[in-house]
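Chains as they are written, first to last, in our numbering: chain A, 61 to 534; chain B, 2 to 460.
Just so it is clear, CB atoms sit at the ideal spot from N, CA and C, and this is done for glycine as well.
These notes concern the structure reproduced below.
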């Protein structure tokens, strides 16, 4: 059998609970226990992966994954994959500071949690609200990791959160207001966020939208609120900066490292070490992550890497050496003309699935402008708030997002409320069109899907203005 | 059965004995009724990055889902630890005890009429299992992926970005305390290819196919995607106007899945979250349109003899000649409306309680040569952003991809960027044509559909 040069094992064990209160009635109380392992083996240029649920026999799993990798490599010989070396310094590094969990969700009874949801629901049930849905979820996971290079570590996380939606109706017009808060936190999630005022906020949005107009579509100056600007950052900038997509030729950012792609006020960061929903102390390859500055002062600065993509980036340029950069980053070395190309530590997996290059907590850094200054500067246009989701084609950089609501801006003043507004455009064009970056960064937790896996993430930004973007309406 | 599970970690007979024992125990632990499902999915997938076949995955996903009813409320628990079934039953009972009695909850499904236990009594649905898929070797799987890559490369200057092949064999077993018991199995293969240009202007496209039988032409999946990306080069911009739009099955099914699907879900109807609530018998679409949900469709990707709570699947006309004729029900929502379940109780996985979902959703409209019949319009292959639609009101605003102008009955110039805004219920009333190109897109079976007029917003 061909020699397997590397293997690693991600073992996950945990339990979760979901409670859903639908129109004031408990619809779901659900508990889940998960246990299993995902095992990868690398032979030449081929990966073999196997997973096993429950009490898995890890040695057998390593054997199976190795056979799969070797047999793949025999049948489809190709260039050998060289994983980026993780330095001894990083390897010996202790797990950094872990988020403090104040209230273990296991210590709170399901009855008490259900009562909390009932209390929240009452605040959303304002006159004119036709239906409500309040849900709570928690997950406590123990992740163990080891590999053929002798690394062995583990960590435990507690995540929890809640979401509220309220639907208002008038004739055949239905409008929804939604609020959600998730974090790497225990039951104190309800102390750190005021769920009752959020519930009233969701109801208010739904009711207001009933009487909102739909704007005329077209190319307009726009102002994005921190939540929608965060979604843009994640979808349009973040995904295109994932090195696996760059290598597949599926990113508009390919070949643009070192180029000025936006105004100097724009900085975009992905930081797994922040104690936010996308936090992890080490990634699915056992690497302790560092903050990665994707766009620095308007210049495309770095990509997010797994050990495989970092190896390829370094290899292509003929250098994977550490050029003595300051700080503790386990970064990919200077790569020929491209220079610094980014950090490893961005491989993540849902549970024990096959690791993929992913984001964590991604945000636009603080700029200098106040919200008022941004409005004044834009004069006439549209202010888009909140997000109902978005999607991007990273290869061509085309994206589409739906705002929850918007306001027309006339003469620097916020005027009429509008609904059913979406934003679309080309990532590089829009980046160039960013005019001002606000000073009011806010983060919002959510979930990101890629390669069939969902992981917790945070997106964020301050208010930003864009001189021209396509806004879809009626 | 045993040969489906090569790992041999457990035998189906042992599992059934354990399930029966746990159901018996549940009564003593306070459950009035209980249900256990076991799901086993064995799969292989081969992935490629660019034109390199890089990864082979093999996995067996196994788990139990348990529902327990206490005082007229159903609690749920799941586990993938095979030795943890009794503990999971206790957790489901504990969940149920938190909930208040639900006056609308009738009971877990009764056993299907006719034959005795052990899977008896259910109809048989053909074309869901192919031994060839069970037996597929790693080499054959790699071959399918390689075929997709060579299909892409047949087209000049095109290369895959990513894609892959996968095969899966699934087994599902259900038993409840009302004597209901059944087992079902199925196979499937699928291929997906995402492509881009190798040099020069960037143009991307994808194609996808899925089947219950090992009969897909993988090379053509790659080739179709590559040809579409090639044709999409040198796109122009269009202005803002209203014009006829033809949706390819990919884009049409994407819109339906994110709007109409939730509107015909009886749970949304009952909770005031559907634009179709209270409208049974009303004309909601053009008279030529019929929409049928058919969980018993032979060879259907979502077909089975029974749904995920043991209710037999059936053919349910949802829209008959333009008239809204039925919503889709699982056993709970059916009990609430005093009707029979339409067999649409599905679970995303063993780890979730069943809820209403589409099975095979079939769109029927008299076919014709719709492109040839269109003087001026736009053809949209795929869209992005469909999941941002307002699923209650049916409003959506999406970005059209691989779009083309239709001029004098022919697809002509590609369009670089175009946003399509509309409302699904208005669309249903403005359908005026369907193609002959019926495609099965993940369970939604539809031809290309023409809408007489829609808002089109260019750059």
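Does any residue of chain B have a CB that is nearer than 8 Å to the CB of residue i?
i, result
"residue 171 of chain A", "yes"
"residue 295 of chain A", "no"
"residue 345 of chain A", "no"
"residue 174 of chain A", "yes"
"residue 467 of chain A", "no"
"residue 186 of chain A", "no"
"residue 74 of chain A", "no"
"residue 70 of chain A", "no"
"residue 198 of chain A", "no"
"residue 419 of chain A", "no"
"residue 167 of chain A", "no"
"residue 83 of chain A", "yes"
"residue 448 of chain A", "yes"
Which bits of chain A does residue i rub up against, with CB to CB less than 8 Å?
i, result
"residue 402 of chain B", "453, 458"
"residue 420 of chain B", "277, 460, 482, 484, 530, 532"
Flag this pair as yes or no: are the beta carbons of residue i and residue j separated by less than 8 Å?
i, j, result
"residue 162 of chain A", "residue 196 of chain A", "no"
"residue 353 of chain A", "residue 329 of chain A", "yes"
"residue 458 of chain A", "residue 286 of chain A", "no"
"residue 276 of chain B", "residue 360 of chain B", "no"
"residue 127 of chain B", "residue 351 of chain B", "no"
"residue 438 of chain A", "residue 291 of chain A", "no"
"residue 311 of chain A", "residue 455 of chain A", "yes"
"residue 190 of chain B", "residue 212 of chain B", "yes"
"residue 333 of chain A", "residue 350 of chain A", "yes"
"residue 399 of chain B", "residue 384 of chain B", "yes"
"residue 251 of chain B", "residue 149 of chain B", "no"
"residue 456 of chain B", "residue 154 of chain B", "no"
"residue 258 of chain A", "residue 230 of chain A", "no"
With DSSP run on the structure shown, which of helix, strand or coil describes residue i?
i, result
"residue 391 of chain A", "Residue placement at residue 391 of chain A is flagged as unreliable, the pLDDT there being 41, under the threshold of 50; a coordinate-derived value is accordingly withheld."
"residue 375 of chain B", "coil"
"residue 124 of chain B", "coil"
"residue 39 of chain B", "strand"
"residue 356 of chain A", "strand"
"residue 176 of chain B", "strand"
"residue 133 of chain A", "helix"
"residue 73 of chain A", "strand"
"residue 330 of chain A", "strand"
"residue 300 of chain A", "helix"
"residue 388 of chain B", "helix"
Hey, is residue i's beta-carbon within less than 8 Å of any beta-carbon in chain A?
i, result
"residue 188 of chain B", "no"
"residue 81 of chain B", "yes"
"residue 145 of chain B", "no"
"residue 39 of chain B", "no"
"residue 99 of chain B", "yes"
"residue 193 of chain B", "no"
"residue 168 of chain B", "no"
"residue 116 of chain B", "For residue 116 of chain B, the predicted structure reports a pLDDT of 44, less than 50, and the residue's modelled location is therefore unreliable. A value from the coordinates is still provided. Chain A, which has no Cβ nearer than 8 Å to the Cβ of residue 116 of chain B, makes this no."
"residue 249 of chain B", "no"
Which bits of chain A does residue i rub up against, with CB to CB less than 7 Å?
i, result
"residue 396 of chain B", "480"
"residue 399 of chain B", "460"
What does residue i reach in chain B if we use C-beta pairs closer than 8 Å?
i, result
"residue 271 of chain A", "Simply none; closest approach about 14 Å."
"residue 234 of chain A", "274, 276, 391, 393, 394"
Counting only Cβ pairs nearer than 9 Å, list the residues of chain A close to residue i.
i, result
"residue 85 of chain B", "93, 95, 114"
"residue 234 of chain B", "Residues of chain A passing the Cβ test: none, with the nearest at roughly 11 Å."
"residue 479 of chain B", "Because residue 479 of chain B is not part of the residues shown, which for chain B are 2 to 460, the question remains open."
"residue 182 of chain B", "Those within 9 Å of residue 182 of chain B in chain A number zero; the least Cβ separation is about 23 Å."
Who are the neighbours of residue i on chain B, taking C-beta pairs under 7 Å?
i, result
"residue 308 of chain A", "50, 51, 162, 163"
"residue 88 of chain A", "77, 354"
With a threshold of 8 Å, are at least 3 pairs of Cβ atoms found where one atom belongs to the region 84-92 of chain B and the other to the region 100-116 of chain B? no
Is it the case that the region 164-179 of chain A contacts the region 78-88 of chain A, given that we only count it when at least three CB pairs across the two stretches are under 8 Å? yes
Counting pairs of beta carbons, one from the region 65-80 of chain B and one from the region 89-108 of chain A, are three or more of them closer than 8 Å? yes
Taking three-plus beta-carbon pairs below 8 Å as touching, is the region 390-405 of chain B in contact with the region 419-431 of chain B? yes
With three or more beta-carbon pairs closer than 8 Å as the criterion, would you say the region 337-351 of chain A touches the region 415-435 of chain A? yes
Can you find at least 3 beta carbon pairs, one from the region 209-220 of chain A and one from the region 233-250 of chain A, that sit closer than 8 Å? yes
Indicate whether the contact test is met: 3 or more Cβ pairs, each with one atom in the region 259-277 of chain B and one in the region 334-341 of chain B, closer than 8 Å. Of all C-beta pairs linking the region 259-277 of chain B to the region 334-341 of chain B, three or more are shorter than 8 Å, placing the two stretches in contact.
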